[in-house]
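full-length UniProt numbering applies: residue 1 is where the sequence shown begins, and numbers increase by one.
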Amino acid sequence: MRIDVVTIFPEYLEPLNVSLLGKARARGLLDVRLHDLRSWTHDRHHTVDDTPYGGGPGMVMKPEPWGEALDALLAGDRPEADPVVVVPTPSGRPFTQELAVELAGAPWLVFTPARYEGIDRRVIEEYGARLDVREVSIGDYVLAGGEAPVLVMVEAVARLLPGVLGNAESHRDDSFAPGAMAALLEGPVYTKPPEWRGRAVPEVLVSGHHGRIARWRRDEALRRTTLNRPELIEGCEPEAFDKHDRET
Ligand code: ADE
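Okay, here's the thing in structure tokens:
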């Protein structure tokens with residue numbers, strides 16, 4: 001998968017070189033390219049923002065550098081298929097596991113993290129008219145810019161790419177993963193030693209009884225979901241639990 005990020009803080013995206021993502025890049029599964037938006041400015045101060053029309057606080061990102069940047073990416077050394085353009089903004093649609101799965105199916109993603117009050121609307125309209133442009137929010141809070149949301153989204157997407165996680169099964173039981181336990185949070189996990197500070201690992205997990213273990217995990221997932229995210233229980237299909245029990 002090819003990922004381009006246009007930002008005024010390319011160094012903010014350095015964590016993309018670390019850990020899982022760094023390894024995926026080193027192994028050629030992920031081709032991430034960072035671009036400094038200011039390289040598409042032409043004034044001495046490399047200006048990327050200006051005051052908002054209509055007044056109000058803060059600054060708005062000027063359309064010209066974004067237009068030049070996106071045109072350059074579209075005209076340059078690029079995948080054959082057009083990109084999905086992801087615009088991080090607190091005013092966007094919620095980023096969900098479902099959207100992560102959808103984006104993981106695209107060969108090319110372009111992220112346009114903004115600073116200040118956002119990007120001049122005409123940029124979204126201009127490219128929305130010819131490309132798949134998604135305005136996406138990672139949660140109901142306002143960050144200082146879209147770079148941290150890009151890190152969040154790229155990590156969520158990249159770990160779904162074939163070959164990126166060591167074990168292809170590792171995301172099968174993720175919280176929010178599509179499937180039998182969809183909409184349930186993942187339950188607690190344990191490792192050795194069997195007893196730590198007087199606290200034993202639940203007996204069922206060392207029983208070797210796969211059916212009982214699966215049922216216990218399901219019950220714990222339900223318990224945790226009821227406690228932390230009761231609204232998710234409403235979306236649960238009881239038959240999905242029965243199917244899960246039959247298959248494990
Ligand atoms: N930029 C600032 N806050 C954001 C959020 N919650 N999601 C996506 N982009 C943002």
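Cβ atoms here follow ideal geometry from the backbone N, Cα and C, with glycine treated the same way.
Quick caveat: nothing in here was measured; it's all calculated off a predicted structure.
Which residues does DSSP list as the beta-bridge partners of residue i?
i: residue 7; result: 36
i: residue 109; result: 3, 84
i: residue 14; result: For residue 14, which the question treats as bridged, DSSP gives no partner whatsoever.
i: residue 94; result: 137
i: residue 31; result: 2
i: residue 60; result: 50
Can you tell me which of the three DSSP states residue i falls into?
i: residue 149; result: helix
i: residue 51; result: coil
i: residue 20; result: helix
i: residue 164; result: coil
i: residue 199; result: strand
i: residue 189; result: coil
Please report the straight-line C-alpha distance between residue i and residue j, rounded to a whole angstrom.
i: residue 229; j: residue 101; result: 22 Å
i: residue 3; j: residue 31; result: 6 Å
i: residue 147; j: residue 246; result: 44 Å
i: residue 141; j: residue 90; result: 7 Å
i: residue 134; j: residue 59; result: 22 Å
i: residue 106; j: residue 203; result: 44 Å
i: residue 233; j: residue 151; result: 29 Å
i: residue 249; j: residue 115; result: Because the chain is modelled from 1 through 248, residue 249 falls outside the range shown and cannot be assessed.
i: residue 120; j: residue 216; result: 52 Å
i: residue 94; j: residue 136; result: 6 Å
i: residue 212; j: residue 205; result: 9 Å
i: residue 33; j: residue 220; result: 41 Å
i: residue 92; j: residue 80; result: 27 Å
i: residue 83; j: residue 69; result: 14 Å
i: residue 112; j: residue 85; result: 7 Å
Where do the ends of the alpha helix (DSSP H) carrying residue i lie?
i: residue 75; result: 63-75
i: residue 219; result: 210-228
message = Restricting to runs no shorter than 3 residues, where is the beta strand (DSSP E) found entirely within the segment 112-141?
response = Segments of the beta strand (DSSP E) lying fully in the segment 112-141: 132-137.
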